[in-house]
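Engineer:
In the UniProt record's numbering, the protein residues as written are 1 to 186.
1) In or out: residue 90 buried (at least 16 other Cβ within 10 Å) or exposed?
2) Alpha carbon to alpha carbon, what distance is there between residue 83 and residue 135?
3) Please return the same chain residues whose Cβ sits closer than 8 Å to the Cβ of residue 64, not counting the five positions on each side in sequence.
4) Are the beta-carbon atoms of residue 57 and residue 50 separated by less than 8 Å?
5) Here's the rule I'm using: 16 or more other beta-carbon atoms within 10 Å means buried, otherwise exposed. How should residue 38 be labelled?
6) Beta-carbon within less than 7 Å of residue 103's beta-carbon, same chain only, minus the 5 sequence neighbours each way: which residues are those?
7) Hey, residue 116 and residue 166 are a contact pair by Cβ (cut 8 Å); roughly how many whole angstroms apart?
8) Quick one, are the C-beta atoms of residue 159 and residue 108 less than 8 Å apart?
9) So what does DSSP say about residue 18, is it helix, strand or coil?
10) Should residue 38 be counted as a contact of the ligand ADP given a C-beta to heavy atom distance under 7 Å?
11) Look at the alpha carbon of residue 144 and the alpha carbon of residue 111, and state the distance between them as a whole number of angstroms.
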């Protein structure tokens with residue numbers, strides 16, 4: 001993505017980034033994009049968000065920040081050191097796999113006896129975790145390429161609540177359709 005056309009949208013040259021034709025705003029960084037979409041397009045129905053000022057509203061933000069500060073960076077670095085780094089740095093690989101386990105464990109504990117992270121519905125807090133779990137543990141967008149860590153971590157066995165939650169999220173019609181469309185572009 002680090003090419004001039006995309007850098008015109010995101011000077012950091014990385015995904016995700018959006019250009020909203022309805023408002024003219026251009027944004028990058030997943031958390032900022034999710035908050036923008038919720039605040040711009042989910043004001044009335046609150047289908048994937050919560051009433052401002054409520055405990056659920058703040059808990060959803062808490063989980064989004066955990067995704068941005070925990071899952072995103074650690075999963076990203078784990079994949080970098082396992083797939084792309086020019087040198088084999090075992091200590092880095094071990095550290096980031098350990099962090100994948102820690103993040104997954106935190107979620108597993110939080111999801112015990114629950115279907116979703118916050119309240120009784122799928123929210124943007126849940127949705128935020130899908131991309132990195134897809135890359136780490138699932139065949140890449142339904143292709144025959146295993147998840148990056150499927151051979152090192154038995155996701156369903158070690159983190160049954162998290163794995164069941166991710167399976168539920170991935171089975172939701174709009175998410176399943178998005179994954180299918182993504183697979184068609186690869």
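Each residue gets a CB set at the ideal place from its N, CA and C atoms; glycine is no exception.
Structural biologist: According to the data block:
1) exposed
2) 12 Å
3) Beyond the five residues adjoining it in sequence on each side, residue 64 comes within less than 8 Å, by CB distance, of 31, 34, 35, 124, 125, 128 in the same chain, given in chain order.
4) Yes.
5) Buried, because 16 or more other Cβ atoms sit within 10 Å of the Cβ of residue 38.
6) Cβ neighbours of residue 103 beyond the five flanking positions: 70, 71, 74.
7) About 12 Å separates the two Cβ atoms, so there is no contact after all.
8) Yes, these two residues count as a Cβ contact at 8 Å.
9) strand
10) The model on display carries no ligand, and the ligand ADP is accordingly not part of it.
11) Bear in mind that the predicted position of residue 144 carries a pLDDT of just 48, short of 50, making it unreliable; the figure below should be weighed with that in mind. For residue 144 and residue 111, the distance between alpha carbons rounds to 29 Å.
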